[in-house]
Amino acid sequence: MYRGKIKHILGDIAEGDRVKVIKEGKVYNGILMPRSELGDSRHVVIKLENGYNIGFNIDNIKIELISVREKKKKEEKVEEEYSRENRPYVSILGTGGTIASKIDYVSGAVHPAFSTSEIVNAIPELEDIASLKTEIVFNILSENMTPEHWRTIAREVAKAMNKSSGVVVAHGTDTIAYTASAIAFMLSDIPKPVVLVGSQRSSDRPSSDASLNLISAVRVALSDIAEVVAVMHAGSSDEGCAIQRATKVRKMHSSRRDAFKSIDSLPIGEVRGDKITTFQEYNMRSEGEVKLDDRLETDVALLKIYPGFPEQLFDYYIENFRGIVIEGTGLGHVPENLISKLEEARNKDMPVVMTSQTIFGRVNMKVYSTGRKLLKAGVISGRDMLPEVALVKLMVALGRFKEYGEVRSFMERNIAGEVSERSLYNTFF
Amino acid sequence: MQVKIGFEIHQQLATKKLFCSCPGELTDAEPDARVVRRLRPTQSELGEIDRAALDEFIKKKYYEYEVNNSHACLVELDEEPPHEPTEKAVDSAIEIALLLKAPVVDEIHFMRKLVIDGSNTSGFQRTAIIAFDGYIDTSQGKVRIPIICLEEEAARKIKQEGNRVVYRLDRLGIPLVEITTAPDIKTPGQAIEAAKKIGDILRSTGKVKRGIGTIRQDINISIEGGARVEIKGVQDLDSIPWIIKNEIERQKLLLDVKEEIENRVRKDKIKLKIHNLTDIFRKSNSGIIKKALGNRGRILGMRLQGFSGLLIGRLGPELAGYARVKAGVSGIFHSDELPAYGIEAEEVDEVRRNLSLSEEDAFVIVAERYAKARKALEAVHERALLAFDGIPEETRMVLKNSSSKYMRPLPGAARMYPETDIPPVVISPDKLLWTESNLPELIEHKAKRLEVDYKLNSALAEQLARSEYSELFEKVVAGNKKFAGFAASVLLSTLKELRREGFSVAAIPEEKIEEVLIAAERGELAREAVVEVLKFLCEKPESRIETVRESLGLKGFDEDDLRELIKDILKEKEDFIREHGKAAEKPLMGVVMKQVRGKADGKLINRILREELLKFPGE
Ligand SMILES: [Zn+2]
Numbered sequence: 032m033y034r035g036k037i038k039h040i041l042g043d044i045a046e047g048d049r050v051k052v053i054k055e056g057k058v059y060n061g062i063l064m065p066r067s068e069l070g071d072s073r074h075v076v077i078k079l080e081n082g083y084n085i086g087f088n089i090d091n092i093k094i095e096l097i098s099v100r101e102k103k104k105k106e107e108k109v110e111e112e113y114s115r116e117n118r119p120y121v122s123i124l125g126t127g128g129t130i131a132s133k134i135d136y137v138s139g140a141v142h143p144a145f146s147t148s149e150i151v152n153a154i155p156e157l158e159d160i161a162s163l164k165t166e167i168v169f170n171i172l173s174e175n176m177t178p179e180h181w182r183t184i185a186r187e188v189a190k191a192m193n194k195s196s197g198v199v200v201a202h203g204t205d206t207i208a209y210t211a212s213a214i215a216f217m218l219s220d221i222p223k224p225v226v227l228v229g230s231q232r233s234s235d236r237p238s239s240d241a242s243l244n245l246i247s248a249v250r251v252a253l254s255d256i257a258e259v260v261a262v263m264h265a266g267s268s269d270e271g272c273a274i275q276r277a278t279k280v281r282k283m284h285s286s287r288r289d290a291f292k293s294i295d296s297l298p299i300g301e302v303r304g305d306k307i308t309t310f311q312e313y314n315m316r317s318e319g320e321v322k323l324d325d326r327l328e329t330d331v332a333l334l335k336i337y338p339g340f341p342e343q344l345f346d347y348y349i350e351n352f353r354g355i356v357i358e359g360t361g362l363g364h365v366p367e368n369l370i371s372k373l374e375e376a377r378n379k380d381m382p383v384v385m386t387s388q389t390i391f392g393r394v395n396m397k398v399y400s401t402g403r404k405l406l407k408a409g410v411i412s413g414r415d416m417l418p419e420v421a422l423v424k425l426m427v428a429l430g431r432f433k434e435y436g437e438v439r440s441f442m443e444r445n446i447a448g449e450v451s452e453r454s455l456y457n458t459f460f
Numbered sequence: 048m049q050v051k052i053g054f055e056i057h058q059q060l061a062t063k064k065l066f067c068s069c070p071g072e073l074t075d076a077e078p079d080a081r082v083v084r085r086l087r088p089t090q091s092e093l094g095e096i097d098r099a100a101l102d103e104f105i106k107k108k109y110y111e112y113e114v115n116n117s118h119a120c121l122v123e124l125d126e127e128p129p130h131e132p133t134e135k136a137v138d139s140a141i142e143i144a145l146l147l148k149a150p151v152v153d154e155i156h157f158m159r160k161l162v163i164d165g166s167n168t169s170g171f172q173r174t175a176i177i178a179f180d181g182y183i184d185t186s187q188g189k190v191r192i193p194i195i196c197l198e199e200e201a202a203r204k205i206k207q208e209g210n211r212v213v214y215r216l217d218r219l220g221i222p223l224v225e226i227t228t229a230p231d232i233k234t235p236g237q238a239i240e241a242a243k244k245i246g247d248i249l250r251s252t253g254k255v256k257r258g259i260g261t262i263r264q265d266i267n268i269s270i271e272g273g274a275r276v277e278i279k280g281v282q283d284l285d286s287i288p289w290i291i292k293n294e295i296e297r298q299k300l301l302l303d304v305k306e307e308i309e310n311r312v313r314k315d316k317i318k319l320k321i322h323n324l325t326d327i328f329r330k331s332n333s334g335i336i337k338k339a340l341g342n343r344g345r346i347l348g349m350r351l352q353g354f355s356g357l358l359i360g361r362l363g364p365e366l367a368g369y370a371r372v373k374a375g376v377s378g379i380f381h382s383d384e385l386p387a388y389g390i391e392a393e394e395v396d397e398v399r400r401n402l403s404l405s406e407e408d409a410f411v412i413v414a415e416r417y418a419k420a421r422k423a424l425e426a427v428h429e430r431a432l433l434a435f436d437g438i439p440e441e442t443r444m445v446l447k448n449s450s451s452k453y454m455r456p457l458p459g460a461a462r463m464y465p466e467t468d469i470p471p472v473v474i475s476p477d478k479l480l481w482t483e484s485n486l487p488e489l490i491e492h493k494a495k496r497l498e499v500d501y502k503l504n505s506a507l508a509e510q511l512a513r514s515e516y517s518e519l520f521e522k523v524v525a526g527n528k529k530f531a532g533f534a535a536s537v538l539l540s541t542l543k544e545l546r547r548e549g550f551s552v553a554a555i556p557e558e559k560i561e562e563v564l565i566a567a568e569r570g571e572l573a574r575e576a577v578v579e580v581l582k583f584l585c586e587k588p589e590s591r592i593e594t595v596r597e598s599l600g601l602k603g604f605d606e607d608d609l610r611e612l613i614k615d616i617l618k619e620k621e622d623f624i625r626e627h628g629k630a631a632e633k634p635l636m637g638v639v640m641k642q643v644r645g646k647a648d649g650k651l652i653n654r655i656l657r658e659e660l661l662k663f664p665g666e
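Going line by line, the protein sequences match chains A and B.
Just so it is clear: in the first sequence, position 342 is 373 by the numbering used here, and no numbers are missing.
Just so it is clear: in the second sequence, position 179 is 226 by the numbering used here, and no numbers are missing.
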């Protein structure tokens with residue numbers, strides 16, 4: 032978007048129009064391009080006939096309109112089917128992110144592309160694996176997901192499950208793990224695979240991980256793994272994807288393809304080519320009907336403890352929230368001066384769950400005296416739950432139960448594979 | 048006949064990489080890791096998939112990238128977004144543009160140019176226009192330079208085995224300046240002049256890499272009535288005129304073929320009909336045929352109606368080139384060259400009978416496994432049809448003898464879209480002004496100045512101006528112009544010889560070379576000893592000159608010592624001196640030098656020897 036002085040100079044000339052730029056007696060023909068958000072407000076960008084963009088300082092040029100942009104017909108297709116004989120149906124739900132996006136080669140902007148024909152056109156291999164139903168649930172960046180979006184997705188997944196052999200949810204990668212565990216807690220007696228998939232490199236580039244991830248996700252959706260899982264690159268190579276349990280998976284790198292790792296747990300398995308290998312036990316595909324309980328209490332906070340953590344912050348949270356998950360230090364500790372605050376919360380029947388900011392390893396508050404004091408103050412052990420998973424789980428618990436005791440018991444029990452009894456040596460660390 | 052020649056020059060810049068902080072150097076160390084990727088064709092604006100890319104993808108090609116932690120990071124691996132462009136590289140590109148008299152753009156925008164051969168992990172090359180409409184002058188007229196780009200170098204291809212292509216990531220991301228000339232060059236002579244001129248301008252900046260592989264020239268050649276042919280892999284400038292001559296010759300021959308074949312036969316008569324001729328060759332004496340048959344191969348052949356006599360030395364190599372590239376066969380046989388290679392006349396006759404050929408018809412046979420041989424003949428047919436168009440647009444690879452071989456069809460216009468990860472770079476008027484007023488001295492000017500200032504002969508001055516040591520040279524001889532000849536010979540020939548002998552001259556820091564030369568200039572180090580000292584420094588580049596002299600036993604002989612030694616020698620040779628008088632000086636010089644063995648400067652020895660000879664017989 033051009034603003035201010037440039038907008039004034041451009042007058043009627045709009046982005047996409049053919050223009051003539053005259054600079055120091057030389058003429059450059061091209062298309063007026065949109066201004067990058069990273070750019071300043073003194074230059075206009077022109078796409079030359081040779082395909083290159085360059086920026087002109089508005090003070091150095093004269094710009095004239097040659098012709099207005101040709102408007103393309105817009106096709107809006109929301110739901111579509113692609114069926115192929117003898118191929119079972121997989122539902123693909125679009126929620127946003129780069130996994131199924133299309134580039135505007137003129138501006139470089141990436142738009143969602145989610146009609147079945149667009150997907151099959153981009154990844155023809157899918158035709159040989161499954162018949163597809165696709166649907167755009169919404170289209171938002173994953174950092175903008177809210178618990179309300181989780182509920183919508185969970186409901187759509189439950190619906191789609193009745194119409195297909197497995198469900199794939201295409202999602203932005205930043206918060207894929209939150210959404211995955213929310214679905215895992217909201218759905219029970221899951222009879223079919225629910226696969227969350229994303230991509231770390233947008234699908235407009237030849238090196239994108241989107242196609243391998245999506246192909247693998249569709250394969251997992253047809254497998255007998257009846258759980259909520261995330262399917263993403265297992266390594267930096269394009270050799271296969273890891274199948275990871277919703278409540279154990281975490282994005283551990285800001286940019287690598289293999290950013291997603293199972294924490295304190297092995298992946299359920301991996302997809303290599305058309306072969307799925309499993310590494311641990313999982314719930315088998317069954318005939319039953321999925322149950323949905325999408326109640327949530329969103330007034331839950333996740334606090335990371337650090338040296339010098341201000342006591343009065345706790346006052347604010349105790350005042351305004353209904354539950355707190357703490358990311359404590361080490362085995363699950365907070366500075367001693369905060370313990371009285373936690374007692375205060377307990378006296379108000381406010382659940383406080385302890386997890387560890389070490390991410391790896393299990394909380395144990397029995398080893399040191401601070402821990403023992405925390406237990407005495409009523410702090411609930413998150414055991415080997417990831418902090419983010421504990422947050423989602425506490426939202427679910429507070430949505431479902433009125434009594435502190437019930438909430439506590441729900442938090443201490445394993446619901447969707449988030450808590451395990453044994454800590455294995457051979458996990459990613 | 049009108050000939051149009053243009054260049055595309057790619058020059059590496061001597062900075063860190065363009066979009067990360069890895070060094071812009073290559074390494075031969077064992078890779079620390081290997082990553083395997085595939086590149087998928089992407090959709091175009093119209094929702095179509097790029098055909099060339101799809102082709103590669105269907106071939107199930109995969110790319111293996113060798114990662115050396117010292118020379119590549121997550122950026123090269125396409126696992127982290129690019130960092131901001133390296134400012135020094137941008138500045139160097141601007142300087143080069145200004146030297147080529149090309150106005151620089153107000154704001155640089157990096158683009159993604161799709162490249163799907165695996166040489167870029169991302170599947171595209173990042174490239175930006177820096178300047179437009181430059182030019183150079185040659186003695187045969189102006190050569191325009193429409194576009195100057197700054198872009199990232201591709202990964203280094205290590206090998207290809209079947210579907211697997213191995214690249215090393217060390218080279219990926221090194222900044223490159225791409226200079227494209229208009230097809231204004233008309234003769235081979237002008238071509239070499241233009242290439243030299245551009246090369247000199249690049250080196251004048253002192254900001255470009257030197258050495259093999261750091262500059263690449265592609266030559267575009269078209270003759271009247273022909274099409275553009277791009278020749279890649281030109282390594283040395285001196286071969287350029289030969290490459291151009293050979294290509295013009297090739298294109299002329301192809302135009303002749305076109306004319307003749309059009310007179311003989313219609314294009315649609317050239318049918319692809321493949322015959323299995325294996326039975327004819329069951330008892331063949333040809334080594335190639337025997338080997339193919341032993342390898343469960345077949346002899347397949349096809350008729351080329353009307354092509355007799357047009358293949359040998361003309362279309363034959365083109366047909367073979369297509370068959371090699373497209374089917375991976377090692378070669379073909381055609382009727383113009385047979386009987387030969389152990390294939391007998393009877394066998395040739397039998398083939399002609401079998402294919403019912405007339406006098407005017409030619410045939411091609413291929414000895415290979417069935418599928419491969421078939422593919423080869425399909426490629427031959429494809430190329431034979433192109434003969435009716437004259438000269439196909441193509442990319443060729445230069446060979447050692449300055450001829451060239453077919454590589455691939457000329458790529459169409461590259462698909463490009465904005466690199467949204469990199470913010471636009473504004474070129475401030477201040478920066479332009481500063482760069483413009485601080486442009487380096489051009490090599491041709493420097494050569495003239497060195498010639499005059501230091502009384503060097505013009506060839507030596509030019510060589511020096513072009514070398515990487517010209518600044519060092521001027522520093523060393525600033526106070527003593529008489530030293531210029533010796534300094535120049537050390538910097539130009541001694542170092543070169545040492546390099547040739549395998550000494551790692553590159554290891555010696557420039558300041559050390561300077562120190563050695565200054566010591567020689569002051570007479571602290573004998574000129575004769577400079578070679579030994581430099582050799583020592585190649586091994587231990589950090590050594591102090593003092594230490595080197597001690598280690599090499601070059602200490603001792605100051606003037607007094609020398610005088611004593613010379614006196615002793617003269618005494619010994621008293622009779623000889625009496626006998627020969629003045630003529631004794633030369634042989635005596637030899638005797639002294641032998642004893643001193645480089646531990647003193649020759650000039651000094653000579654002076655003392657003369658002085659002592661004059662005194663002789665003194666006492
Ligand atoms: Zn790097």
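Even for Gly, the Cβ is constructed at its ideal location relative to N, Cα and C.
Owing to the predicted nature of the structure, the values given are computational and were not obtained by experimental measurement.
For A:LYS108, the three-state DSSP class (helix, strand or coil):
Because the pLDDT of A:LYS108 is 49, which lies under 50, any placement of that residue in the model is unreliable, and the number read from its coordinates should be weighed accordingly. Coil at A:LYS108, not helix or strand.
Terminal residues of the beta strand (DSSP E) in which B:VAL524 lies:
Membership of B:VAL524 in any beta strand (DSSP E) is not indicated; the residue belongs instead to the alpha helix (DSSP H) covering 517-524.
What is the DSSP secondary structure of B:GLU77, counted as helix, strand or coil?
Three-state result, B:GLU77: coil.
Counting only C-beta atoms, is B:ARG203 closer than 8 Å to chain A at any point?
No, no contact with chain A.
Please report whether the beta-carbon of A:LYS108 lies at a distance below 8 Å from any beta-carbon of chain B.
Residue placement at A:LYS108 is poorly supported in this model, since its pLDDT is 49, which falls under 50; the coordinates are not used for a value here.
Report the neighbours of A:SER242 on chain B: residues whose CB is nearer than 7 Å to its CB, in chain order.
In chain order: ARG87.
Closer than 7 Å: B:GLY114 CB and nearest ligand 1 heavy atom:
Strictly speaking, residue 114 of chain B in this sequence is Val, with Gly absent from that position. Not under cutoff, so the answer is no.
Counting only beta-carbon separations shorter than 8 Å, does A:LYS279 have a partner in chain B?
Not one chain B Cβ lies under 8 Å of A:LYS279.
Own chain partners of B:ALA238 with C-beta closer than 8 Å, once the 5 adjacent residues on each side are dropped:
Cβ neighbours of B:ALA238 beyond the five flanking positions: ILE52, PHE54, ILE232, ILE266, ILE287, PRO288, ILE291.
I think B:ILE163 touches B:GLN59, with their Cβ atoms under 8 Å apart; what is that distance to the nearest whole Å?
Going by Cβ atoms, the distance from B:ILE163 to B:GLN59 rounds to 23 Å, so no, they are not a contact pair.
Please determine whether the Cβ atom of B:LYS318 lies at a distance below 7 Å from any heavy atom of ligand 1.
The answer is no for B:LYS318.
Near ligand 1: B:LYS135 beta-carbon under 7 Å from a heavy atom:
B:LYS135: no, Cβ never under 7 Å from ligand 1.
If contacts are defined as beta-carbon pairs under 8 Å, then A:SER196 and A:LEU253 qualify, I think. What distance do you get, rounded to the angstrom?
About 6 Å separates the two Cβ atoms, so the contact holds.
Less than 7 Å between the CB of B:GLU199 and some heavy atom of ligand 1, yes or no?
Checking every heavy atom of ligand 1 against the Cβ of B:GLU199, none is found closer than 7 Å.
Cα separation between A:THR183 and A:ILE53?
Those two C-alpha atoms are separated by around 53 Å.
Proximity of A:LEU69 and A:ILE44 at Cβ, strictly below 8 Å:
A distance of 8 Å or more separates the beta carbons of A:LEU69 and A:ILE44.
Under 9 Å by beta carbon: chain B residues contacting A:LEU69:
Within 9 Å Cβ-Cβ: THR467, ILE469, PRO470, PRO471.
With DSSP run on the structure shown, which of helix, strand or coil describes B:LYS63?
DSSP places B:LYS63 in coil when its eight states are reduced to three.
Which bits of chain D does B:GLU154 rub up against, with CB to CB less than 8 Å?
The chain inventory of the structure shown lacks chain D, comprising the protein chains A and B.
Are there 16 or more other CB atoms within 10 angstroms of the CB of B:LEU446, so buried, or fewer, so exposed?
Classification of B:LEU446: exposed, given that the 10 Å Cβ count is below 16.
Min CB distance B:LEU319 to chain A below 8 Å
Under the 8 Å criterion on CB atoms, B:LEU319 is classed as non-interfacial with respect to chain A.
Is B:ALA119 a contact residue of ligand 1, with contact defined as CB to any heavy atom under 7 Å?
Look at B:ALA119: its beta carbon is less than 7 Å from one of the heavy atoms in ligand 1.
Going by DSSP, name the residue or residues bridged to B:ASP265.
Answer is B:GLU55.
In or out: A:SER233 buried (at least 16 other Cβ within 10 Å) or exposed?
Answer is buried; the Cβ neighbour count reaches 16.
Within 8 Å, strictly: CB atoms of A:VAL383 and A:ILE411:
If you check the CB distance, A:VAL383 and A:ILE411 come in under 8 Å.
Does B:GLY665 pass the burial test, meaning 16 or more other C-beta atoms within 10 Å, or should it be called exposed?
With a pLDDT of only 48 at B:GLY665, under 50, the local geometry of the prediction cannot be trusted, and the value read off the model is given with reservation. Residue environment for B:GLY665: exposed (fewer than 16 other C-beta atoms within 10 angstroms of its C-beta).
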